[in-house]
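Heads up: the structure comes next, in structure tokens.
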Amino acid sequence: MRAIQVNIAIMRVFVRLREMMATHKELAFKLAELEERLEGHDEQIQNIFDAIRQLMTPPAPPIPFSPLPWWERLGEGGNGSVYAA
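First residue of the sequence shown: 1343, per the working numbering; consecutive thereafter.
Structure follows, in structure tokens:
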């Protein structure tokens, strides 16, 4: 009786091994297929990553607010006129 149980266990192990090998073979095939399909897309994928990195960079700091009107900020000297005198 014990020998029969051992024999059944061995058969189950071999069946499981065969299933695993088939799965790995199928996985290897799908991986090779994916590599072939993506071979020409390397540059496009790199462009996507570059765009994502640009979006991740913080924006430039805002221009500081000045309570003076623009014509008074043009220069320290002069009469404040925007026209040359």
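Note that CB positions come from ideal geometry on N, CA and C, so glycine has one too. This structure is a prediction, so every number in the text was calculated from the model and none was measured.
{"Check": "Specify, as a first and last residue, the run of the alpha helix (DSSP H) that residue 1359 falls within.", "Outcome": "1344-1380"}
{"Check": "For residue 1410, name the three-state secondary structure that DSSP assigns.", "Outcome": "coil"}
{"Check": "Roughly how many whole angstroms lie between the Cα atoms of residue 1388 and residue 1352?", "Outcome": "50 Å"}
{"Check": "Excluding the 5 residues flanking residue 1427 on each side, which residues of the same chain have their C-beta closer than 6 Å to its C-beta?", "Outcome": "Annotation note: pLDDT 48 at residue 1427 (below 50); position unreliable, no value reported."}
{"Check": "In the structure shown, what three-state DSSP assignment does residue 1416 receive?", "Outcome": "coil"}
{"Check": "What is the DSSP secondary structure of residue 1405, reduced to helix, strand or coil?", "Outcome": "coil"}
{"Check": "Please report how far the alpha carbon of residue 1369 lies from the alpha carbon of residue 1355, in whole angstroms.", "Outcome": "21 Å"}
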